[in-house]
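Just so we're aligned, residue 1 is where the sequence shown starts under UniProt numbering, counting upward by one. The beta-carbon is built from N, C-alpha and C at its ideal position, and this holds for glycine as well. Take a look at the structure set out below.
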Amino acid sequence: MTEPVIVLDTATADVQADQELTPAHLENTSPATVPPTRREREAQWLACAVRAEDLTAMSLADLRIMATRMFRLLDTDDPPIKAHERYLAAVEEIEARVRREPEVDDGRDRTVFKDSAFTSRFELYLDGYLTTYLRYLIVGGQLTLRSLVEKPGFEDKGFDRLLVRHALLNAHRRRLSVVAACPEAQTFLEQNPQYRTLARIPG
């Protein structure tokens, strides 16, 4: 008795083998889109910030956020061209806005902030008169606010808070970290925590 002969279709067998070896969930799968890394997202944001044309149209809060993020991203390996210039422009616009704000509600002329490097102190003048000064120390890129003094006749009028704010903005513009060693600076930061990031102070 002759045994039946079975003829294998090798092409069909290969296809069936492939189907058996290939999990169903891998079929019809296209390559996944890899999301950008955090560094890539930050670089894209900084590139957009560099291209921003009219800083005067931005709110003060947005300017501060922009300056803070640009300061952090400038430490990247390859920051966009003109990133540092745009950072300085943002800081200058912030300071210009602050100077235009009513400083003291007494109807007199605006105050003037000065950095007296010779005596190592920040000074605040009103109509040419020294109202308050803040002694400081700068060592290795760190600004320590040591003590604040209000001149007689100018106590309890808000000049201390105004001077501390100017000092923190000055430190931000110069990319200095800040140590608030005097009570007035510590109180200001407690009441205005947004300046901690601006002046590189840990939260």
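(request) Counting only the same chain and skipping the five closest in sequence on each side, list residues whose C-beta sits under 8 Å from that of Arg108. (result) Because Arg108 carries a pLDDT of 43, less than 50, the predicted location of this residue cannot be relied on, and no value is offered for it.
(request) Pick out the complete beta strand (DSSP E) segments inside the UniProt domain "N-acetyltransferase" (114-200), 3 residues or longer, and give them in chain order. (result) Correct list: 121-126, 129-139, 142-150 and 177-180.
(message) For a quick check, are the C-beta atoms of Leu143 and Val178 less than 9 Å apart?
(response) With respect to the 9 Å criterion, Leu143 and Val178 are classified as neighbours on the basis of their beta carbons.
(request) Would you kindly work out how many angstroms separate the C-alpha atoms of residue 204 and Glu93, rounded to a whole number? (result) Here the chain covers residues 1 to 203 and nothing more, so residue 204 does not appear.
(request) Answer with buried or exposed for Thr131, where buried requires no fewer than 16 other C-beta atoms within 10 angstroms of its C-beta. (result) Classification of Thr131: buried, given that the 10 Å Cβ count is 16 or more.
(request) Express the C-alpha separation of Thr37 and Asp115 in angstroms, rounding to a whole number. (result) Approximately 41 Å, taken between the alpha carbons.
(request) Decide if Ala96 is buried, meaning its Cβ has at least 16 other Cβ atoms within 10 Å, or exposed. (result) So Ala96 ends up on the exposed side.
(message) Measuring alpha carbon to alpha carbon, tell me which residue in Phe154, Leu176 and Tyr87 is nearest Gly140.
(response) Looking at Phe154, Leu176 and Tyr87, the one whose alpha-carbon comes closest to that of Gly140 is Leu176.
(request) State the DSSP-derived secondary structure class of Val34, mapped to helix, strand or coil. (result) Residue state for Val34 is assigned as coil, using DSSP reduced to three classes.
(request) Starting from Thr111, follow its DSSP beta bridges and name the residues at the other end. (result) DSSP links Thr111 through a beta bridge to Leu126.
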